[in-house]
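One structure is given here, and the rest of the page talks about it.
Residue numbers (the numbering used here): 4 to 188.
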């Protein structure tokens, strides 16, 4: 299992990382996922849901339920909260972007059973732009990166990723190395 400080990492300049479609001459430059601060909403929601039985415990006992029924309701509630938190963590952890010296790959996990993988080769990249999302994104330095392509898929998006300006610079320099340059916006 990965150390906890690596588990929450959302911007990695990868060394020695291999993926299932890599070739020997291919190097992974970046592994990206949404900034950890974007998880604050669902983590606070989970904390609130976790505390709910403690706050309304007296109300539950006033319903006249047997101790077994109360225990069942509490266990069911905490199982629901845990499944909510695990589901949200899964969506954050497995929505990743990978930038190699040859390809750009976007993996979108919509739920446990539905994952969409989009990939393009660097020569198909037409334009790369970043979008800031407001005060919070400016303060914590995260935003969206949109990549327009000439390939089968018209665009690839990395949403709420840290250091979007750095990501754009790395992709643009990779485009120049591969014989493409980003047209001025």
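Cβ coordinates follow ideal geometry from the N, Cα and C atoms, glycine included. Given the structure is predicted, the values throughout are model-derived calculations rather than measurements.
Here's the rule I'm using: 16 or more other beta-carbon atoms within 10 Å means buried, otherwise exposed. How should residue i be labelled?
i, result
"residue 4", "A caution first: residue 4 carries a pLDDT of 46, below 50, which makes its placement in the model unreliable, though a value can still be read off. Residue 4 is exposed by the Cβ-count criterion."
"residue 176", "exposed"
"residue 152", "buried"
"residue 58", "exposed"
"residue 78", "exposed"
"residue 142", "exposed"
List the residues that DSSP assigns as beta-bridge partners of residue i.
i, result
"residue 160", "149"
"residue 130", "151"
"residue 114", "117"
"residue 123", "107"
"residue 33", "102"
Quick check: the Cα distance between residue i and residue j, rounded to an integer number of angstroms?
i, j, result
"residue 80", "residue 135", "38 Å"
"residue 47", "residue 55", "12 Å"
"residue 146", "residue 32", "19 Å"
- Message: Any contact between the segment 120–133 and the segment 75–93? By contact I mean 3 or more CB pairs, one from each, below 8 Å.
- Response: no
- Task: Determine contact between the segment 58–76 and the segment 100–110, defined as no fewer than three beta-carbon pairs at a distance below 8 Å.
- Result: no
- Message: Suppose only complete runs of 4+ residues qualify. What are the alpha helix (DSSP H) ranges in the segment 48–115, listed by chain order?
- Response: Runs found: 60–64 and 70–97.
- Check whether the segment 160–173 touches the segment 34–41, taking contact to mean three or more Cβ pairs, one atom from each stretch, closer than 8 Å. yes
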